[in-house]
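Taking it in order: structure first as structure tokens, then the write-up.
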Ligand SMILES: *[C@@H]1O[C@H](CO)[C@@H](O)[C@H](O)[C@H]1NC(C)=O
Ligand SMILES: *[C@@H]1O[C@H](CO)[C@@H](O)[C@H](O)[C@H]1NC(C)=O
Ligand SMILES: *[C@@H]1O[C@H](CO)[C@@H](O)[C@H](O)[C@H]1NC(C)=O
Ligand SMILES: *[C@@H]1O[C@H](CO)[C@@H](O)[C@H](O)[C@H]1NC(C)=O
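See below:
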């Protein structure tokens, strides 16, 4: 039982060390979807090309043709133009070229992402008549019989208009711009991982916990891990030698029992040989 516990602890220590070593030396070379496409590295991961432990959950990217895409269940695919790891910023493009449709539908509440720019509440109005020329309809949402406007919530009550939705959308945008990139920047947060200049990695293959380490700390950690590992290994060797010896003694006890049985049959010759082999065995093991 004691031996089992020791071996168990040994295995736990060893696997712990392997996990730590793996976390630091995760063998996750940056990937990209094409020439000039952004480098994909932690916390992002290219699905199907980089193993699961290379990225943080919720940061999976895919390649479509030569484009890097991020998939949002509330909206669909968005094209990633660039990733700034220093600024923690994603510059996105809507493949349908209608950024207001993204704002209307994209729900970031269950994702690790937030809008990069400050947000402000705006109301989307669906109007049967055109508003005064100071308001510009959103072309990609409007039709020939109706006109969709984005207005500050305080200006939302209009006779000919039906309010569609009031949502917080990135502030430094202009409804007049048909540019479909403007305002479509996202930033991200990793729980427990916001130390500046730190280095983030997953703690284990299965966990979604991140740790932050200052550069240089990882080497120290590895050395500690190796020393612990060597110590555990030596202890395990000593234990296995002990187990081996106690097994030998058990074997000799069995032989003695066997001798008793033979004695009762009066086989003197067998006794003599057995006694001799026991003496030899004891001599050898001392
Ligand atoms: C992707 O890039 C490769 C190499 O630059 C090019 O040959 C190929 O035509 C591109 N594919 C698409 C769908 O753009
Ligand atoms: C976003 O999703 C959350 C959870 O599903 C929900 O509670 C929230 O109302 C949604 N927000 C918007 C603006 O639709
Ligand atoms: C937008 O309006 C909602 C509901 O009135 C409010 O809870 C939220 O704080 C507002 N957001 C901003 C950015 O003003
Ligand atoms: C605006 O209203 C019209 C008529 O009620 C409707 O057909 C159209 O789908 C609406 N547009 C949007 C973007 O909801």
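In our numbering, the protein residues as written are 5 to 290. Just so you know, even glycine gets a beta-carbon here, dropped at the ideal spot from N, CA and C. Please read all numbers here as calculations on a predicted model, not as lab measurements.
In this structure, residue 155 keeps its C-beta atom at 7 Å or more from the C-beta atom of residue 142.
Spanning the alpha carbons of residue 84 and residue 50 requires a straight line of approximately 12 Å. Exposed is the label assigned to residue 230, since fewer than 16 other Cβ atoms lie within 10 Å of its Cβ. Closest by C-alpha distance to residue 60, out of 160, 193, 238 and 250, is 193.
Contact between residue 167 and residue 112 is ruled out by a C-beta separation of about 22 Å, above the 8 Å threshold.
For residue 104, the enclosing alpha helix (DSSP H) begins and ends at 103-109. Exclusion of the five residues before and after residue 139 leaves 153 as the residues of its chain whose Cβ lies within less than 6 Å of its Cβ.
A Cβ-Cβ distance of about 17 Å is found for the pair residue 191 and residue 124, leaving them out of contact under the 8 Å criterion. According to the DSSP assignment, residue 64 belongs to the beta strand (DSSP E) that extends over 64-68. Taking the Cα positions, residue 68 is about 40 Å away from residue 135. Straight-line measurement puts the Cα of residue 121 at about 9 Å from the Cα of residue 173.
Between the alpha carbons of residue 33 and residue 65 lies a distance of about 15 Å. With respect to residue 137, residue 87 sits apart: the two C-beta atoms are not nearer than 7 Å. Going by C-alpha positions, residue 52 is about 44 Å away from residue 157.
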